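Working notes for the structure below.
There are 2 protein chains.
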Amino acid sequence: MKKIFLSENDMPKSWYNIAADLKTEPLPPLNPGTGQPLGPEDLAPLFPMALIEQEMSPQREIAIPEPVQAALKMYRPSPLIRATGLEKALKTPAKIYFKYEGVSPAGSHKPNTAIPQAYYNQQEGVKRIATETGAGQWGSSMALAGQIFGLDVKVYMVKVSYNQKPYRRSMMQSWGAEIVSSPSPDTNFGRQVLAEDPDNTGSLGIAISEAVEDAATRDDTKYALGSVLNHVLLHQTIIGLEAKKQMEIAGCSPDIVIGCVGGGSNFAGLAFPYLRDKINGADIDFRAIEPTACPTLTRGAFAYDFGDTAQMTPLVSMYTLGHTFMPPGIHAGGLRYHGMAPLLSHVVREGLVDAYAYDQVEVFDAGAIFARTEGIIPAPESAHAIKGAVDAAIEAREAGEEQVILFNLSGHGHFDMSAYDAYHAGELTDYRPTDEELAKGLSVTEGLPKV
Amino acid sequence: MKKIFLSENDMPKSWYNIAADLKTEPLPPLNPGTGQPLGPEDLAPLFPMALIEQEMSPQREIAIPEPVQAALKMYRPSPLIRATGLEKALKTPAKIYFKYEGVSPAGSHKPNTAIPQAYYNQQEGVKRIATETGAGQWGSSMALAGQIFGLDVKVYMVKVSYNQKPYRRSMMQSWGAEIVSSPSPDTNFGRQVLAEDPDNTGSLGIAISEAVEDAATRDDTKYALGSVLNHVLLHQTIIGLEAKKQMEIAGCSPDIVIGCVGGGSNFAGLAFPYLRDKINGADIDFRAIEPTACPTLTRGAFAYDFGDTAQMTPLVSMYTLGHTFMPPGIHAGGLRYHGMAPLLSHVVREGLVDAYAYDQVEVFDAGAIFARTEGIIPAPESAHAIKGAVDAAIEAREAGEEQVILFNLSGHGHFDMSAYDAYHAGELTDYRPTDEELAKGLSVTEGLPKV
Numbered sequence: 000m001k002k003i004f005l006s007e008n009d010m011p012k013s014w015y016n017i018a019a020d021l022k023t024e025p026l027p028p029l030n031p032g033t034g035q036p037l038g039p040e041d042l043a044p045l046f047p048m049a050l051i052e053q054e055m056s057p058q059r060e061i062a063i064p065e066p067v068q069a070a071l072k073m074y075r076p077s078p079l080i081r082a083t084g085l086e087k088a089l090k091t092p093a094k095i096y097f098k099y100e101g102v103s104p105a106g107s108h109k110p111n112t113a114i115p116q117a118y119y120n121q122q123e124g125v126k127r128i129a130t131e132t133g134a135g136q137w138g139s140s141m142a143l144a145g146q147i148f149g150l151d152v153k154v155y156m157v158k159v160s161y162n163q164k165p166y167r168r169s170m171m172q173s174w175g176a177e178i179v180s181s182p183s184p185d186t187n188f189g190r191q192v193l194a195e196d197p198d199n200t201g202s203l204g205i206a207i208s209e210a211v212e213d214a215a216t217r218d219d220t221k222y223a224l225g226s227v228l229n230h231v232l233l234h235q236t237i238i239g240l241e242a243k244k245q246m247e248i249a250g251c252s253p254d255i256v257i258g259c260v261g262g263g264s265n266f267a268g269l270a271f272p273y274l275r276d277k278i279n280g281a282d283i284d285f286r287a288i289e290p291t292a293c294p295t296l297t298r299g300a301f302a303y304d305f306g307d308t309a310q311m312t313p314l315v316s317m318y319t320l321g322h323t324f325m326p327p328g329i330h331a332g333g334l335r336y337h338g339m340a341p342l343l344s345h346v347v348r349e350g351l352v353d354a355y356a357y358d359q360v361e362v363f364d365a366g367a368i369f370a371r372t373e374g375i376i377p378a379p380e381s382a383h384a385i386k387g388a389v390d391a392a393i394e395a396r397e398a399g400e401e402q403v404i405l406f407n408l409s410g411h412g413h414f415d416m417s418a419y420d421a422y423h424a425g426e427l428t429d430y431r432p433t434d435e436e437l438a439k440g441l442s443v444t445e446g447l448p449k450v
Numbered sequence: 000m001k002k003i004f005l006s007e008n009d010m011p012k013s014w015y016n017i018a019a020d021l022k023t024e025p026l027p028p029l030n031p032g033t034g035q036p037l038g039p040e041d042l043a044p045l046f047p048m049a050l051i052e053q054e055m056s057p058q059r060e061i062a063i064p065e066p067v068q069a070a071l072k073m074y075r076p077s078p079l080i081r082a083t084g085l086e087k088a089l090k091t092p093a094k095i096y097f098k099y100e101g102v103s104p105a106g107s108h109k110p111n112t113a114i115p116q117a118y119y120n121q122q123e124g125v126k127r128i129a130t131e132t133g134a135g136q137w138g139s140s141m142a143l144a145g146q147i148f149g150l151d152v153k154v155y156m157v158k159v160s161y162n163q164k165p166y167r168r169s170m171m172q173s174w175g176a177e178i179v180s181s182p183s184p185d186t187n188f189g190r191q192v193l194a195e196d197p198d199n200t201g202s203l204g205i206a207i208s209e210a211v212e213d214a215a216t217r218d219d220t221k222y223a224l225g226s227v228l229n230h231v232l233l234h235q236t237i238i239g240l241e242a243k244k245q246m247e248i249a250g251c252s253p254d255i256v257i258g259c260v261g262g263g264s265n266f267a268g269l270a271f272p273y274l275r276d277k278i279n280g281a282d283i284d285f286r287a288i289e290p291t292a293c294p295t296l297t298r299g300a301f302a303y304d305f306g307d308t309a310q311m312t313p314l315v316s317m318y319t320l321g322h323t324f325m326p327p328g329i330h331a332g333g334l335r336y337h338g339m340a341p342l343l344s345h346v347v348r349e350g351l352v353d354a355y356a357y358d359q360v361e362v363f364d365a366g367a368i369f370a371r372t373e374g375i376i377p378a379p380e381s382a383h384a385i386k387g388a389v390d391a392a393i394e395a396r397e398a399g400e401e402q403v404i405l406f407n408l409s410g411h412g413h414f415d416m417s418a419y420d421a422y423h424a425g426e427l428t429d430y431r432p433t434d435e436e437l438a439k440g441l442s443v444t445e446g447l448p449k450v
């Protein structure tokens, strides 16, 4: 392990907006009522105007406000690390670098967007944020950000995680958030789901519906999402912008850029600043890694779909498994989302980024090798990126090529040790949805506008 | 929060040995059989010769071997951080700085000594390390270090923690260690304790006895201790040596230096390089903070005592509650030790360092304020140091003095969230041993050599 630090003064002062460099335009989000492209006013009940502007901005660089920069400096710039221990174990001629986002107080890349989202809300007089969380990474990040900027935060936490991850709950409580198990009795949609099925274990789609309903029905409250949206991906580009400066210090440039994908934000955060180079002619291989259990990019369809189960969000063009798809309960809870960020879906569709899917056990194998050789116990989500990097490094070995691999280690696994427990005990299994399950999931997009 | 980083090149290249600067000599450790001062040969069954030499060295500076430096650079230099959020919340004119040791893969300062201990053992052909752990911080650090230098590690983990902290166990497993609940059926002493009391929940004293027995009875195995010993404190001085460089960059120098104390190593690590300045005339106030539940410095006696329950270790002169003392089950498991490092005990006795004790709930109050204002959720052990810093900052406010406070944040609380759960639920209570309990504990030192 060899670390490359940036000084605080070298932290990027603007985010990078890939919309400015795309050769083809992504399909616009639609108002589900009218079927017409969305206007800023459609989003106004949910988001502050500054974020809506970012969502639709064509500007290449968007300045990071001073108070956001100051808050990000709690943990940024994050280190770039050369995984010399892993290289040695794999006997690869490749150089493996990773950007380590687990250094944030919440333990992942999520505060990179929670902090600016809280800031812009506070600037526009919002008092309270409603949001959802799956595994708890996003909810704890939003709790932290709310604490920093003096906002109340209510988190709808997917029931299965609420019960399995009490420590993520305590973390959110430590940062002053209110947490409820979703589906909850606190919203109309939650009550409806519970009436139909009191034992429903929840899903990200349901929790989003609850948080959106909460925000849409209270004047003092806006909604916040931890992935998928353009402004979220924008905020995460600080990862790739830092990485570029650090790779320059290291004296090399990546041939392959890898990240795991759930909603797409950590991958996009690292990849988009490099994708700009590829659009401009550079030869870089981009690999988005997802779980076979929730194979949005590798087995989903590109279609207009809702972001949530209750059909409360706009319709967005994206790879999707259908907004009612219930992925199996794998330990990479952050990757269990039916859709994929529209901007990332667009560049996958354009052939700029390739998608790969891996099974749960082989992902934990890679995570375990990493823990032994680099010391860091990765989040199960991030272990997908590690598995991608391990395979790329083995390819390089077999081809005898000195490739430079760069991946995003989006978070640590300190709150996922029960999954490692199960792994060490040999109790983990793989899950792949059948073709029938996928077809059933996708059937919900049939009546919607076509791409 | 404002961070001050050191570059890897500025990481100290030697440790600081306070023995070279003490005006009075500490009392020597004794062979319990002969009552005579210990020679190197007495320790040879347990430790490699390089560590025995360090234990007894009068040299001021001891070089850090290159491979140890390389391994420490996994996470070092650790950041020095100015707690601007906490300062603001306390409305204090004091500047509060802390050294953050939670950045290590194990989450605490413990790898600072686990890494060199593993290295010296490996250099002398040792294949296997036996050690004990209370809350799991030390065991996981030794597991990590064993992994780095190719040693097998067996950890005797105090039963109450073994059952309460399964995630620390998984962490040790991830780093390849073998873990057993102590008292265990794997040693004579463990079997004896279990025969007398099958429900014995264990103590650090018992676990040390088991690990020492394991090491003393196997040719391929040595013993490793995570605190108390001179060479452990020596290795931890890298904290204070880095802090001095970083405080210089910050343009100031501490008036008050604070750390929590269990065995004494994290406190000594930060404090000893500054204590040298005090010995040479500087006006610095040193505060060692312990729990009222295990009040070794504030209510114990300075005496010759054993380091372990089974009386297998040498006799050392230290503040002690008696080697059979069973501290109540507070959440700061790392501070539940009956003794205190002889070197630290010596400087407390000489009046160079003052001791303070705090109750459990007020310590968690301080930890909770810190989590809200600085974002980092502290280990319950480290929250004692925070409480010390908070009180010092309030004193400064009341006196209207711009004091500079420096404390050691020895670890994060990611594996202690159940304690925060109990705290948020209002379920934590305070425990103070009665005078009778303390007198009973100390009675075991009566037949031993006098100081």
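These protein sequence lines map, in sequence, to chains A and B.
Note that the first sequence covers residues 0 to 450 in numbering that gives the first Met the number 0.
Note that the second sequence covers residues 0 to 450 in numbering that gives the first Met the number 0.
We treat Cβ as the ideally placed atom computed from N, Cα and C, and that holds for glycine.
Note that this is a predicted model, so its numbers are computed, not measured.
So which residues on chain B does residue i lean against when the C-beta distance must stay under 9 Å?
{"i": "A/Ser409", "result": "Chain B residues near A/Ser409: none, gap ~16 Å exceeds 9 Å."}
{"i": "A/Met246", "result": "The premise fails here: A/Met246 is roughly 17 Å from chain B at the closest Cβ pair, so nothing lies under 9 Å."}
{"i": "A/His413", "result": "Gly106, Tyr166, Met170, His411, His413, Phe414"}
Quick one: which chain B residues come within Cβ less than 7 Å of residue i?
{"i": "A/Ile376", "result": "Met170, Ser173"}
{"i": "A/Ala367", "result": "Ser173"}
{"i": "A/Leu143", "result": "Gly374"}
If contacts are defined as beta-carbon pairs under 8 Å, then residue i and residue j qualify, I think. What distance do you get, rounded to the angstrom?
{"i": "A/Gly328", "j": "A/Gly440", "result": "16 Å between Cβ atoms; not a contact."}
{"i": "B/Thr295", "j": "B/Phe305", "result": "Actually they do not touch by this definition, with Cβ atoms about 14 Å apart."}
{"i": "B/Val260", "j": "B/Glu289", "result": "5 Å"}
{"i": "B/Ser56", "j": "B/Ala18", "result": "7 Å"}
Residue i versus chain A: which residues are under 7 Å apart at the beta carbon?
{"i": "B/Gln146", "result": "Arg371"}
Residue i to residue j, Cα distance in whole Å?
{"i": "A/Ile404", "j": "A/Leu334", "result": "22 Å"}
{"i": "B/Thr186", "j": "B/Gly412", "result": "32 Å"}
{"i": "A/Pro326", "j": "A/Ile375", "result": "28 Å"}
{"i": "A/Leu232", "j": "A/Arg275", "result": "14 Å"}
{"i": "A/Lys109", "j": "A/Leu269", "result": "13 Å"}
{"i": "A/Ala384", "j": "B/Val443", "result": "56 Å"}
{"i": "A/Gln116", "j": "A/Met141", "result": "9 Å"}
{"i": "B/Lys94", "j": "B/Ile248", "result": "15 Å"}
{"i": "A/Ser344", "j": "A/Gly133", "result": "21 Å"}
{"i": "B/Glu489", "j": "A/Ile178", "result": "Residue 489 of chain B lies beyond the residue range present for chain B, which begins at 0 and ends at 450; the question has no answer from this structure."}
{"i": "A/Pro78", "j": "A/Val102", "result": "8 Å"}
{"i": "B/Phe97", "j": "A/Glu52", "result": "40 Å"}
{"i": "A/Tyr355", "j": "A/Leu42", "result": "33 Å"}
{"i": "A/Thr91", "j": "A/Lys386", "result": "14 Å"}
Among the candidates the options, whose CA atom is the shortest distance from the CA of residue i?
{"i": "A/Gln122", "options": "A/Phe148, A/Asn111, A/Ala105", "result": "A/Phe148"}
{"i": "A/Glu380", "options": "A/Ile238, A/Ala392, A/Tyr419, A/His345", "result": "A/Tyr419"}
{"i": "B/Arg348", "options": "B/Met0, B/Ile283, B/Thr23", "result": "B/Thr23"}
{"i": "A/Ala206", "options": "A/Ala176, A/Ser160, A/Asp219, A/Glu195", "result": "A/Ser160"}
{"i": "B/Gln35", "options": "B/Glu397, B/Tyr303, B/Gly189", "result": "B/Tyr303"}
By the criterion of Cβ-Cβ separation under 9 Å, what are the contact partners of residue i in chain A?
{"i": "B/Tyr222", "result": "Simply none; closest approach about 23 Å."}
{"i": "B/Tyr419", "result": "Tyr166, Ser169, Met170, Gln172, Ser173"}
{"i": "B/Glu7", "result": "Lys1, Lys2, Phe4"}
So which residues on chain B does residue i lean against when the C-beta distance must stay under 8 Å?
{"i": "A/Met0", "result": "Lys72, Met73"}
List, in chain order, every chain A residue whose beta-carbon is nearer than 8 Å to that of residue i.
{"i": "B/Phe97", "result": "None at all; the shortest Cβ gap to chain A is about 13 Å."}
Runs of beta strand (DSSP E) wholly within the segment 298-349 of chain A (minimum 3 residues, chain order)
300-305, 314-319
Which runs of the beta strand (DSSP E) fall wholly inside the segment 223-269 of chain A and span at least 3 residues, in chain order?
255-259
Beta carbons nearer than 7 Å to chain E: which residues of the segment 423-437 of chain A have them?
No chain E appears in this structure, whose protein chains are A and B.
Which ranges would you report for the alpha helix (DSSP H) in the segment 175-215 of chain B if only whole runs of at least 4 residues count?
187-195, 203-215
Report the start-end ranges of each beta strand (DSSP E) in the segment 383-441 of chain B that is 3 residues or longer and not cut off at the edges.
403-408
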